[in-house]
Structure formats: C-alpha cells, structure tokens
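Asks: Protein chains in written order, with the numbering used here: chain H, 1061 to 1396; chain D, 1061 to 1396; chain P, 1061 to 1396.
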Amino acid sequence: MAFVHRDFLGLADYASDEIRFLIGRALDAKRGKRLPSLAGKTLAAIFFNPSLRTRLSFQIAMDRLGGRAILVNAGSDLWALEFDEGAVMDGATSEHVKEAARVLDRYVDALAIRAFPMFRSWDQDRGDTVIRSFAREARVPVINMESAMEHPCQGLADAVTITERLGTTTARPFCLTWAWHPKALPLAVPHSALLAAAHLGMEVRLACPPGYEPDSETLAKVKELAVGGGGGLEIFHDQAAAIKGAQVVYAKSWASIARWGDAEAEKAARKELRGWQVTGRAMETTAEGFFMHCLPVRRNVVVADEVLDGPACAVYDEAENRIWAQMAVLSAVVGR
Amino acid sequence: MAFVHRDFLGLADYASDEIRFLIGRALDAKRGKRLPSLAGKTLAAIFFNPSLRTRLSFQIAMDRLGGRAILVNAGSDLWALEFDEGAVMDGATSEHVKEAARVLDRYVDALAIRAFPMFRSWDQDRGDTVIRSFAREARVPVINMESAMEHPCQGLADAVTITERLGTTTARPFCLTWAWHPKALPLAVPHSALLAAAHLGMEVRLACPPGYEPDSETLAKVKELAVGGGGGLEIFHDQAAAIKGAQVVYAKSWASIARWGDAEAEKAARKELRGWQVTGRAMETTAEGFFMHCLPVRRNVVVADEVLDGPACAVYDEAENRIWAQMAVLSAVVGR
Amino acid sequence: MAFVHRDFLGLADYASDEIRFLIGRALDAKRGKRLPSLAGKTLAAIFFNPSLRTRLSFQIAMDRLGGRAILVNAGSDLWALEFDEGAVMDGATSEHVKEAARVLDRYVDALAIRAFPMFRSWDQDRGDTVIRSFAREARVPVINMESAMEHPCQGLADAVTITERLGTTTARPFCLTWAWHPKALPLAVPHSALLAAAHLGMEVRLACPPGYEPDSETLAKVKELAVGGGGGLEIFHDQAAAIKGAQVVYAKSWASIARWGDAEAEKAARKELRGWQVTGRAMETTAEGFFMHCLPVRRNVVVADEVLDGPACAVYDEAENRIWAQMAVLSAVVGR
Chain H
1061 MAFVHRDFLG
1071 LADYASDEIR
1081 FLIGRALDAK
1091 RGKRLPSLAG
1101 KTLAAIFFNP
1111 SLRTRLSFQI
1121 AMDRLGGRAI
1131 LVNAGSDLWA
1141 LEFDEGAVMD
1151 GATSEHVKEA
1161 ARVLDRYVDA
1171 LAIRAFPMFR
1181 SWDQDRGDTV
1191 IRSFAREARV
1201 PVINMESAME
1211 HPCQGLADAV
1221 TITERLGTTT
1231 ARPFCLTWAW
1241 HPKALPLAVP
1251 HSALLAAAHL
1261 GMEVRLACPP
1271 GYEPDSETLA
1281 KVKELAVGGG
1291 GGLEIFHDQA
1301 AAIKGAQVVY
1311 AKSWASIARW
1321 GDAEAEKAAR
1331 KELRGWQVTG
1341 RAMETTAEGF
1351 FMHCLPVRRN
1361 VVVADEVLDG
1371 PACAVYDEAE
1381 NRIWAQMAVL
1391 SAVVGR
Chain D
1061 MAFVHRDFLG
1071 LADYASDEIR
1081 FLIGRALDAK
1091 RGKRLPSLAG
1101 KTLAAIFFNP
1111 SLRTRLSFQI
1121 AMDRLGGRAI
1131 LVNAGSDLWA
1141 LEFDEGAVMD
1151 GATSEHVKEA
1161 ARVLDRYVDA
1171 LAIRAFPMFR
1181 SWDQDRGDTV
1191 IRSFAREARV
1201 PVINMESAME
1211 HPCQGLADAV
1221 TITERLGTTT
1231 ARPFCLTWAW
1241 HPKALPLAVP
1251 HSALLAAAHL
1261 GMEVRLACPP
1271 GYEPDSETLA
1281 KVKELAVGGG
1291 GGLEIFHDQA
1301 AAIKGAQVVY
1311 AKSWASIARW
1321 GDAEAEKAAR
1331 KELRGWQVTG
1341 RAMETTAEGF
1351 FMHCLPVRRN
1361 VVVADEVLDG
1371 PACAVYDEAE
1381 NRIWAQMAVL
1391 SAVVGR
Chain P
1061 MAFVHRDFLG
1071 LADYASDEIR
1081 FLIGRALDAK
1091 RGKRLPSLAG
1101 KTLAAIFFNP
1111 SLRTRLSFQI
1121 AMDRLGGRAI
1131 LVNAGSDLWA
1141 LEFDEGAVMD
1151 GATSEHVKEA
1161 ARVLDRYVDA
1171 LAIRAFPMFR
1181 SWDQDRGDTV
1191 IRSFAREARV
1201 PVINMESAME
1211 HPCQGLADAV
1221 TITERLGTTT
1231 ARPFCLTWAW
1241 HPKALPLAVP
1251 HSALLAAAHL
1261 GMEVRLACPP
1271 GYEPDSETLA
1281 KVKELAVGGG
1291 GGLEIFHDQA
1301 AAIKGAQVVY
1311 AKSWASIARW
1321 GDAEAEKAAR
1331 KELRGWQVTG
1341 RAMETTAEGF
1351 FMHCLPVRRN
1361 VVVADEVLDG
1371 PACAVYDEAE
1381 NRIWAQMAVL
1391 SAVVGR
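#1: If you measure from the beta carbon of Met1122(D) to each beta carbon in chain B, is any gap under 8 Å?
#2: Put Val1132(P) into one of helix, strand or coil per three-state DSSP.
#3: Who does Cys1373(H) pair with in a DSSP beta bridge?
#4: Name, please, each residue of chain D whose Cβ falls closer than 7 Å to the Cβ of Ala1379(P).
#5: Anything in chain H within Cβ reach of Asn1360(D), meaning under 9 Å, just list it in chain order.
#6: If you reduce the DSSP assignment to three classes, tell me which class Ala1121(P) lands in.
#7: What does the alpha-carbon distance come out to for the pair Asp1144(P) and Met1352(P)?
#8: Which residues in chain P sit within 7 Å of Leu1138(D), going by Cβ to Cβ distance?
#9: Out of Gly1349(D), Asp1077(D), Asp1165(D), Phe1176(D), which one is the CA nearest neighbour of Arg1199(D)?
#10: In chain D, which residues lie with their C-beta within 8 Å of the C-beta of Gln1307(P)?
#11: What is the DSSP secondary structure of Gly1292(P), reduced to helix, strand or coil?
#12: Expressed to the nearest angstrom, what Euclidean distance is found between the alpha-carbon atoms of Met1209(D) and Phe1118(H)?
#13: Between the beta-carbon of Pro1201(D) and the beta-carbon of Ser1391(D), is there less than 8 Å?
#14: I think Pro1110(P) touches Asp1137(D), with their Cβ atoms under 8 Å apart; what is that distance to the nearest whole Å?
#15: Assuming Glu1277(D) contacts Ala1248(D) under a Cβ cut-off of 8 Å, what Cβ separation, rounded to an integer in Å, is found between them?
#16: So which residues on chain H does Val1132(P) lean against when the C-beta distance must stay under 8 Å?
#17: Measure the alpha-carbon distance for Ala1256(H) versus Ala1104(P) and round it to whole angstroms.
#18: Is there a Cβ from chain H that is less than 8 Å from the Cβ of Ala1129(P)?
#19: Measure the CB-CB distance between Glu1324(D) and Gly1340(D) and report whether it falls below 8 Å.
#20: Going along chain P in order, which residues have a C-beta closer than 7 Å to the C-beta of Tyr1376(H)?
#21: Please classify Met1262(H) as buried or exposed, where buried requires at least 16 neighbouring CB atoms within 10 angstroms.
#22: DSSP on Trp1314(P), reduced to helix/strand/coil?
#23: Given that Ala1086(D) touches chain P, what residues does it touch there, using C-beta distances under 8 Å?
#24: Measuring CB to CB, does Arg1358(D) end up less than 8 Å from Asp1150(H)?
#25: Under 8 Å, Cβ to Cβ, is there at least one residue of chain D near Ile1083(P)?
#26: For the alpha helix (DSSP H) containing Glu1030(P), name the first residue and the last one.
#27: List the residues of chain D whose Cβ lies closer than 9 Å to the Cβ of Val1357(P), in chain order.
#28: Just to confirm the assignment, what range does the alpha helix (DSSP H) spanning Arg1319(D) have?
#29: Confirm, please, whether the CB-CB distance from Ala1388(H) to Leu1082(H) is below 8 Å.
#30: So, is the C-beta of Pro1242(D) closer than 8 Å to a C-beta in chain H?
#31: Going along the chain, which residues of the stretch 1206-1227 of chain P sit with their C-beta nearer than 8 Å to a C-beta in chain D?
#32: Rounded to the nearest angstrom, how far is the Cβ of Glu1378(D) from that of Ala1195(D), given a contact under 8 Å?
#33: What residues from chain P crowd round Ile1383(H), counting only those whose CB sits closer than 9 Å?
#34: Exposed or buried, Ala1099(H), counting other C-beta atoms within 10 Å across all chains shown (16 or more means buried)?
#35: Just tell me which of His1259(P), Leu1171(P), Thr1114(P) has its CA closest to the CA of Ser1193(P).
#36: Tell me which residues share the same chain as Gly1271(D) and place their Cβ nearer than 6 Å to its Cβ, disregarding the 5 neighbours each side in the sequence.
Okay, here's the thing in structure tokens:
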C-alpha cells in the first residue's frame, strides 16, 4: 500500500500501512536508494513560529530530491491573515487565507506550514485553524511542520529511528514520559510520538503526573491504533514504573489541558514536579532502552547530561532522520 | 521593437511599444515558450518593506529562467543607508548608497528594490530617492519592486491579464476605482495600473472622491499615452457611473495627496466614504467586465465576497501573471 | 604547501605558507580557473549579528563552486544557546551548543559562524566562546565569518587585494590607521588586517592614539609573522608620520581595550580625536599608496569623499575579493 492522501497533516489521519510505507521509503533513502525526483518542483515552507531543525531539514530534503524550498516567515513576510468566512475586514487583518492559499497554489507545488497553538483555549487550538484552512483553500498538497495537535514529520522521524534500532516493533515497550520544564509547552510532539509508537504496534506507556494527560480523542486514537497493531496503551503516574523494562524512553514536557493558557496556574501546579527528569539511573532500569527527544532539550532539567552524552542517546539520529522522513513524505505527496 | 532601457523603474519611462514587447514575452513564456536563459546570473532582491507575492514571484521567475535570486531584508541585513551627496556621516547612517550599490554590482547581475514612501511629504516621496539612487550608482540593471511612484511589475502583470482576457484593448473601457480602507495607502499601484491601461490604448476611467486624484504629472502621462494609443482619460467622482459599461473594474484604495502623511485628517476625510466598495450589483452594470486587484485585499471592505468568489474575479490570474511578467522583464534587462 | 587545518578560525592560527596557498587559489579563481567542485555540499551560515557583504558573498561563493549555502539568523531562527558545560538549563537558554552543533553536523558539510563581541569584558570576548564551542562540538569544518578576535575572511580578501596590486609584498610599507567614529567598534577587522599584512612579510605600521593598541598577544603574533617574512612591526601615535611613504593605507576605527564595554568613557576619550580621518592630502604623502577599508565606511568621518571617489580607492576590489577569497577557503576546507 502506498500513501494515498493529498496532504500530510497528522499521523492520526492515516492508516498504519501508510505510515509503514513512508518509513520504508525513508530508510530506503537513508541507505542510498534514489527516490522519485522532484526536479522543477517548489515547496513554500511557511513559518508562523521559529524553527531551526525544521527550516534546515526541509530545505535539505527538497534539495536532495532535486527540487527546492522557498522559506516564508509569516510574521515579517506575510500580511496578518483573516480566517473567518464572510468577515468584514476593516480591522487588523489585511489578507484572507483564501487569497493567500489561492495565490500560493499558483506559485508553488506544495505548502508546508508551522503554526503553534495560541494558548488561549484548548478547544480553539485543537481545531488547527491555520493549517486546516490552508489545506481547505489550496489546491496543492499541504504538509504540517507542527500545529497545535501534531508534529507528524517529527513523529515519522521518530518511527524511522525506532524501526532502524529495533527492527520488529510489535508489542515492544515504548515509554513517553512527561518532564519538568520552566515553561508550558505544546502537545504536538507528545501526540505525534504516541501515534508513531501506536502505528508501530508497540506497547505504549504514557507516564505523566495526574492531570497531564494529553488530548482525550488523540489518546483514544492511540489506543485503537496500538491495539490494532498488536500492542496497547497504559497510563502511569509513576515515572520509574513506566520506564522500567522499556526499550524506548521518550522524554518531553507539555502543558496540562486543564490549565491551558494559564501560565501562573501551570507554574504553581508543576512546582513539586522537578523530579520528573530522565537520569542515568532510570535508564539502567530499562531493557537496554535508548533515549529519545525531539530537541531542543534542556540539559539537566528534562534529561541528565550522562544520558545525552552516553551510548543510549538516540536524539541525533532522530534529528538526522527528519531529513529522510521528510524526503519520504515530500516524494509521496509532491511527487505524485 | 525590443526593450532598450537598462533599468525597469516605472511604466511612465517607457514607450508603449516596449510595454507591448514585454507583454508578448510574458504571454509567450506562459504558453510554454522558453525565454533566453539566465543561467549563472544572480539577482539581489532588496526589501525595505515586507512582501509575499513579490518575494515568491521573483524567486520563482529567476528559478524558471535558470538563474537565482538572493533576498536581502534591508531592515535587518543592511546597514542604515545615507543618500545625501557629501554627507558627514557622524549620525545614524553607517553606509552610503554609493558603497552599497558599488559593492552589490560587484556581487550580482541585477538589483531589484522595494522601497515604499515615507509618508512625510509627497514632494519628497515622489522623488523615489532610494531606487533612483541605486539606479544612479550601480552599474547593473535595477528593477522596481514597488516605490512611492510606481509598482511597474504589478502594472505589467495587470497589462498581461487584461491582454489575455480581452485580446484587442484599444478604446476598451477600463475603470480604476478608489475604495474605502481603514488605512492610508501608497499610490504606486494605482499609478502603474493607470499607466498599464494607457499603454494598452484603453478608454481609462478614474473613479475617486473629490480630492483623491493621483499625482498630476502621472495623470498627464496617462492621458498622453492613452490618447496616443487610441483611447483617453476621464475622471469620475461617481463610482457607479464609472463602472457602468466598463470591461475591466480595478479596485484600489490610496491616500489623498492633499493630506499626505496626516493620518488623522485622512481618517476624518474618508469617514463618509465607506460606500466606495465594489459589489456584485455594481459588477452587473458592467459590459461583462472582470474584477482586478493587486492583493492583499480586504474582503467586504474594498470588494464584496460575491465578486471575489464569483466568475468575474481575475485577481488570482493577476497574481500568477506576476511571475510571467517578471520573467519577461528579467530576461529583457538581465539577459542582455 | 596546501591548507591542512580542518577549520578556518583566524589568520593567527596558520602558517604564512598556508595563507599564500589560499591567496594563490583566490587569484586563480578570479582569473577564471575552476576550483574543485563542491557539488552536493551544503554550508550552513549562522549569523548572530547582521551582515550584508558576508551574507551575499558566502552564498555567491558556494554557488560558484556548485554547492549551496543555507542562511540561519541566530536571533530569530535559533533557540537561545547555552555554552556552559554541565549547566542546569532552567533559565533563559533552551538549547545547548552541543546539540546545536551535533545536529547541524548531521545536516550540512560545513558551518560558517558570525558572532560579535558582547562588549562586557575583553578577557571574556577574546575567548571567542561561540565559534570555538561550535568548532569543538561539530565534526564538520567551521569557518569564522567574524568573531571578537578575527575576521579572517576579510583579512584574506585584504591580502588578495594587496597581492594583486603590489605583486611582491616583502618589506613593503603597510599602514593600518585608527580612525574616529561615533561608536565603539570591535577589533576583529584590525586584527585580521594586521595579521594579513604580517603574513605577506610587509613592514607593518600601526597608527593609533595612545591607549588604542589592539590585543597584545595578537600584536606579538603580528610582529613574529612580519619579521619571519622579511618585514616588521612599528607602532606610531602620529597618523601623518605613519601614512607618509606607505604603499597601503588601511583605515578602521575600533574601541580601546582599556575602556572595553564602557561606552561613555570611550566617547569622552575620543572627543579630541576627530582629526584621525584619512584625507586626500594625507594620501598625497604616500608612495602612490592605495586606500583600503572593509566597509561599511562612514564618509567624511573615517575617510574623505575625495579618497573614496578617487583613483587610489581599493575598497570595491576588497569587497569583490571576499568572494574569491571565500571560494579558496571553502574549496580548501569543505572540499577535502
């Protein structure tokens, strides 16, 4: 089975067969196999938020496929966008997403968009207005470079990393653990990491303090996919218990949905949670597990130096695999 | 006749034959004809102001011609420039345009520059100091990506759009109408749109409230060109009368020269003018006319949704034609 | 002898033979000789500070060698970096240079970095923490695009300019003169200019007001290299005496190390020093000398109009030679 969708918006939208197809393509490319060329094709990569890895890896991925990426910084290069249907635009917004999307689809062969949550209301953020509006209005494929709900290119790179290290993944224990962090962070990466492990049919363990459970609909999807693939989903409130025996330990901090957008309440709530850090001692309790994180990572806060600098660290592979994963996605959706 | 000038600064500077030559080239390129290659040629596109369509369309145009564009954001990438001859530079400016231009002409094969008006004095703005200084000091061709006086690449794209829709343009009724907008906007687009229609020998109708007439010297040039090409120029203060029977309706808002730079006075003056909006009903009075706007456009302020979303809307063609028009310009001035 | 180092961090680190090898390569390229191709190679050029010439010339140099440069603006594109070993990152920094460097070396074939001094303490600035940390952590070559201590690409371009104008350089009089300027500027350019002339075995004259001597260790290195090459180093506090009979006059302003980071004290100290400007009359006392400056330059402050606009001006050649010098460096370190 190939990848049959026009867009690449979130791992929750695709069948596990499709994700495995993309993983295979990424590993083929990494082994030197030439993917179908994107010569003459242009991707516009639109950033509503800052980025290092994503900016570089999309440019390099298009380059290696023979095409090219044009980067657009929405803050300075784009006009303030309107998303409401029928709006009377006499206020702050000066271009409707309809025009932006319909002009861009005359200019380029695909759009990639990064738009973080606004942190005002989870109900609003989970609708992913920006990327879903572009996907609705543009006639060319749209790729998600991180929205409020998902970071599917990261998730796919994570799946590639796990596959290349473990081979068979069915029913293998994968632990995603929440970590303390001074700031309230988005849910996109944990969502896509959970979905990636679920697509691989792993025994997914989610470790977080009570009240830090991710989006419930996403969790239901994770369970459905994991069970369907021969694994399952279990939620732990005890980090040590969740890490013990795991073959993959993925650390990430995120904000609680209950306090979404309330920075003060969030700060107070996590005051006692500084212990949620992955240490070398914790890693010793795993089944020769390796450590994952999407980067950037705060050393000695989210994870101890000895883990990042030790042999179990897979974070640089994950970062490199962004390129191979994105080449697979780009060749599947742009190269059609 | 070919295009014989070194620079492309404003439609007012060229003969109608030259503009027709460029329109022909643009339409050739759009139909798939290969223009002379710019392989090995580099354009530096320098932005003193933000841009989406222009940034993308210049990069893509250079790309399709086999060359490449390097983008420079003057605000962050350039040092504050001095333009005065003989200045003792012990103040805020740290690089003279002489050095900037003379270094850039060692680095690249052409310069494209966007520099909006400062909105302090119309007399000062109409001199287009930034782009005229670069054109004077640099030995390579300079292309105007929008100055205070003109946006000739937009104007040329408009002329391409009109030509491909109407075929013969001589004495056909073209209406440029002022529109209400919350902000005081520049005159470059209306100037170049009027000049484009004049070069095509159209019967040019300018509709605006009293006191909103554009630059008088430019209007004189519009009249001279339009009459010379078999058309004419008429000024209306009644929008409905100007739109009635037109084959092209081009909407755009701009500030009045009499209140140039006085945002408060401008705001007060246009309080009663919100009726200046192009509606579906107004379009029904045209001679099967189509609607144009340079974008970004404020929906239901400058033009109603039903026009933009209806069959008479040509704004996406205009945006696409930026690429073909600029390819014609670049191949004419850089490829010499 | 070829260039045998992995990195290109400062002219003080290399043997004069190596610098001569690079000058030869640059002049070969300028004369049309094809340097070894960098096809398929990517350079990430990371800017912690603004730049015009450097941004353009690195992109163009990579382009001409068949490779490509990706530009990264550290302020907006990069996360705030941590440089301290063992830091507990619960403050403002969110990515350690270890991760940044180790990810970048998976993505690209070389790094170029611009990081100006912080102007808090000279002892701290002279350690060049940013570029030295990247050079330590990354496995790919690192090129200095200007640090606190050196601007070696400028210095090499200067050496190319001197060589192409003078031919033999041994024992020829080269004068670097301090100039008045409203701001306290870094030492990188004067350091690299002195080292460039020293590598060429010139009779190096440093003219500056008392207390404006550059870094003492760098001066010792300049003396050692100059003497080793058949020249020498002499320090003047009288600008006219230093310029008289020189074949090269290089003007540049810089801050005094004694008042490093104290803008007020620096301003007061240079109040009486506005006479330190290179004029046409001063140039008449040279031995048909030519005038150099790295640009941007403040006209009629650092140097008079008549010098920049006259036949003795070499500043545009210097700027152009940045491209050829950087092609030599890139082909030597990236193309290995």
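The beta carbon of each residue, even a glycine, is placed where N, CA and C say it ideally should be. From a predicted model like this one, the values you see are computed outputs, not experimental measurements.
Replies: On the basis of the data shown:
#1: The structure shown has no chain B; the protein chains it does contain are H, D and P.
#2: Counting from one through the third sequence, the residue named residue 1132(P) turns up at place 72. Val1132(P) carries a strand assignment under DSSP once its states are collapsed to helix, strand and coil.
#3: Position 313 of the first sequence, counted from the start, is the residue given in the question as residue 1373(H). Here Cys1373(H) is bridged, per DSSP, to Phe1351(H).
#4: Against the third sequence, residue 1379(P) aligns to sequence position 319. Going along chain D in sequence order, the residues near Ala1379(P) (Cβ under 7 Å) are Val1163, Arg1166.
#5: Here residue 1360(D) refers to the residue found at position 300 when the second sequence is read from its first residue. Within chain H, the residues placing a beta-carbon under 9 Å from that of Asn1360(D) are Gly1146, Ala1147, Val1148, Met1149, Asp1150, ordered along the chain.
#6: For this step, residue 1121(P) is matched to residue 61 along the third sequence. When DSSP states are grouped into helix, strand and coil, Ala1121(P) belongs to the helix group.
#7: Reading the third sequence from its first residue, position 84 is the one you call residue 1144(P). Reading the third sequence from its first residue, position 292 is the one you call residue 1352(P). One C-alpha to the other measures close to 39 Å.
#8: Locating residue 1138(D) in the second sequence gives position 78, where the first residue counts as 1. Contact annotation for Leu1138(D) against chain P: Leu1112 [CB-CB distance below 7 Å, chain order].
#9: On the second sequence, position 139 is the one that residue 1199(D) refers to. Ranked by Cα distance from Arg1199(D), the options Gly1349(D), Asp1077(D), Asp1165(D), Phe1176(D) are led by Asp1165(D).
#10: Position 247 of the third sequence, counted from the start, is the residue given in the question as residue 1307(P). None at all; the shortest Cβ gap to chain D is about 23 Å.
#11: Taking the third sequence and counting its residues from 1, the one referred to as residue 1292(P) is at position 232. The answer is strand: DSSP assigns Gly1292(P) an E or B state.
#12: Counting from 1 along the second sequence, the entry for residue 1209(D) is found at position 149. Counting from 1 along the first sequence, the entry for residue 1118(H) is found at position 58. Cα-Cα distance, rounded: 38 Å.
#13: For the purposes of this step, residue 1201(D) is taken as residue 141 along the second sequence, with counting starting at 1. For the purposes of this step, residue 1391(D) is taken as residue 331 along the second sequence, with counting starting at 1. For Pro1201(D) and Ser1391(D), no; Cβs fall outside 8 Å.
#14: The count along the third sequence starts at 1 and reaches residue 1110(P) at position 50. The count along the second sequence starts at 1 and reaches residue 1137(D) at position 77. Contact flag correct, Cβ pair sits at about 6 Å.
#15: For the purposes of this step, residue 1277(D) is identified with residue 217 of the second sequence, where counting begins at 1. For the purposes of this step, residue 1248(D) is identified with residue 188 of the second sequence, where counting begins at 1. Going by Cβ atoms, the distance from Glu1277(D) to Ala1248(D) rounds to 14 Å, so no, they are not a contact pair.
#16: If you number the third sequence from 1, residue 1132(P) lands on position 72. Within chain H, the residues whose beta carbon sits less than 8 Å from that of Val1132(P) are Leu1112, Arg1115, Leu1116, listed in sequence order.
#17: Sequence index remark: in the first sequence, residue 1256(H) carries index 196 (1-based). Sequence index remark: in the third sequence, residue 1104(P) carries index 44 (1-based). Using only the alpha carbons, I get a separation of about 30 Å.
#18: Mapped onto the third sequence, residue 1129(P) falls at position 69. By this cut-off, Ala1129(P) is not an interface position.
#19: By 1-based counting over the second sequence, the position of residue 1324(D) is 264. By 1-based counting over the second sequence, the position of residue 1340(D) is 280. Their beta carbons are not under 8 Å apart, which means Glu1324(D) does not touch Gly1340(D) by this criterion.
#20: Within the first sequence, residue 1376(H) is the residue found at index 316, counting from 1. Below the 7 Å Cβ cutoff, chain P contributes Arg1162, Val1163, Arg1166 as neighbours of Tyr1376(H), in chain order.
#21: Taking the first residue of the first sequence as position 1, residue 1262(H) is located at position 202. That one is buried.
#22: Working through the third sequence from its first residue, we reach residue 1314(P) at position 254. Three-state DSSP puts Trp1314(P) in coil, outside helix and strand.
#23: In the second sequence, residue 1086(D) corresponds to position 26, counting from 1. In chain order: nothing, as chain P lies at least about 27 Å away.
#24: Locating residue 1358(D) in the second sequence gives position 298, where the first residue counts as 1. Locating residue 1150(H) in the first sequence gives position 90, where the first residue counts as 1. Yes; because the gap between Cβ atoms is below 8 Å, this pair is in contact.
#25: Looking up residue 1083(P) in the third sequence gives position 23. Judged by the 8 Å Cβ criterion, Ile1083(P) is not in contact with chain D.
#26: The question about residue 1030(P) has no answer, for chain P in this structure spans 1061 to 1396.
#27: On the third sequence, residue 1357(P) is found 297 positions in, with the first residue counted as 1. Result: Met1149, Ser1154, Glu1155, His1156, Glu1159.
#28: Here the question's residue 1319(D) lines up with position 259 in the second sequence. Segment: none, Arg1319(D) is in no alpha helix (DSSP H) and carries neither H nor E.
#29: Locating residue 1082(H) in the first sequence gives position 22, counting from the first residue. Locating residue 1388(H) in the first sequence gives position 328, counting from the first residue. It is a contact, given that the beta carbons lie within the stated cut-off.
#30: Looking up residue 1242(D) in the second sequence gives position 182. Closer than 8 Å: yes.
#31: Listed by position along the chain: nothing, the set is empty.
#32: Here residue 1378(D) corresponds to residue number 318 of the second sequence, with the count starting at 1. Here residue 1195(D) corresponds to residue number 135 of the second sequence, with the count starting at 1. That pair is no contact at about 26 Å.
#33: Numbered from its first residue, the first sequence carries residue 1383(H) at position 323. Chain P residues near Ile1383(H): Arg1166, Tyr1167.
#34: Counting from 1 along the first sequence, the entry for residue 1099(H) is found at position 39. Per the 10 Å Cβ criterion, exposed.
#35: The residue given as residue 1193(P) occupies position 133 in the third sequence. The option with the nearest alpha carbon to Ser1193(P) is Leu1171(P).
#36: Position 211 of the second sequence, counted from the start, is the residue given in the question as residue 1271(D). So the qualifying residues of the chain are Ser1316, Ala1318.
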